[in-house]
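In what follows, a single structure is set out as structure tokens and then discussed.
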Amino acid sequence: MTLIVSLSVAVIFGSAAYLMLKRDLIRVITGMILLGNAANLFIMAAGLREGRAPFVDSEFETSDPLVQAMTLTAIVISFGVATLVLSVVYRVYDSHHSVDLRRLGSAEAVQASLDDQPTAQEIKAEEAELREAEDQDVGTTPEVRA
Numbered sequence: 000m001t002l003i004v005s006l007s008v009a010v011i012f013g014s015a016a017y018l019m020l021k022r023d024l025i026r027v028i029t030g031m032i033l034l035g036n037a038a039n040l041f042i043m044a045a046g047l048r049e050g051r052a053p054f055v056d057s058e059f060e061t062s063d064p065l066v067q068a069m070t071l072t073a074i075v076i077s078f079g080v081a082t083l084v085l086s087v088v089y090r091v092y093d094s095h096h097s098v099d100l101r102r103l104g105s106a107e108a109v110q111a112s113l114d115d116q117p118t119a120q121e122i123k124a125e126e127a128e129l130r131e132a133e134d135q136d137v138g139t140t141p142e143v144r145a
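Printed below as a string of structure tokens:
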């Protein structure tokens, strides 16, 4: 039984690592989910102990409820994180029409170069500030020069 569980954890972990190396965001998310499942299975296998249910008072050995509670908490948290990340991927797909990491990286580089270019309003405001600074340095006001 322990060998089967160990092999299952290894196969799931290997599949998760393989998927996380892909360029598609959906496959990366799937790899993250599988990695969480492999970790949960590993935690359950580490605390695996035969015994009766922990909520029954008996003189027999009981299983450890802490391992089960921690795994259940990890499952709920990983479900919430997966939902959040999938909604973000949907928004990325909706705006860029792609989930390929290479295309998204090139789109990000283009957007960064566009963000670095000043707008027409910023150029006008900068020119006005330069004129004001020149006027203050000379000590004259625009009314005197006109």
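Throughout the sequence shown, residue numbering follows numbering that gives the first Met the number 0, covering 0 to 145 in sequence. By construction, the Cβ of each residue, glycine as well, lies at the ideal position given by its N, Cα and C atoms. None of the values given here were measured: they were computed from a predicted structure.
So, helix, strand or coil for residue i, using DSSP?
i	result
Asp63	coil
Thr118	coil
Arg130	helix
Ser97	coil
Glu49	coil
Glu125	helix
Following the continuous alpha helix (DSSP H) through residue i, name the residue where it begins and the one where it ends.
i	result
Asp114	100–115
Ser7	1–19
Thr29	24–45
Exposed or buried, what is residue i when buried is set at 16 or more other beta-carbons lying within 10 Å of its beta-carbon?
i	result
Val8	buried
Leu129	exposed
Leu83	exposed
Ala127	exposed
Ala15	buried
Hey, residue i and residue j: beta-carbon distance below 9 angstroms or not?
i	j	result
Gly35	Tyr17	no
Ile11	Ala44	no
Leu47	Thr1	yes
Ile32	Ser77	yes
His95	Ala108	no
Glu49	Glu60	yes
Three-pair Cβ contact test at 8 angstroms for the segment 22–35 versus the segment 57–65: no
Touch test, the segment 96–103 against the segment 11–24, Cβ-Cβ under 8 angstroms, three pairs minimum: Taking a cut-off of 8 angstroms for Cβ pairs, the segment 96–103 and the segment 11–24 touch, as three or more such pairs fall below it.
Touching by the beta-carbon criterion (3+ pairs, under 8 angstroms), the segment 72–92 and the segment 113–120: Under the Cβ criterion (8 angstroms, minimum of three pairs), the segment 72–92 does not count as touching the segment 113–120.
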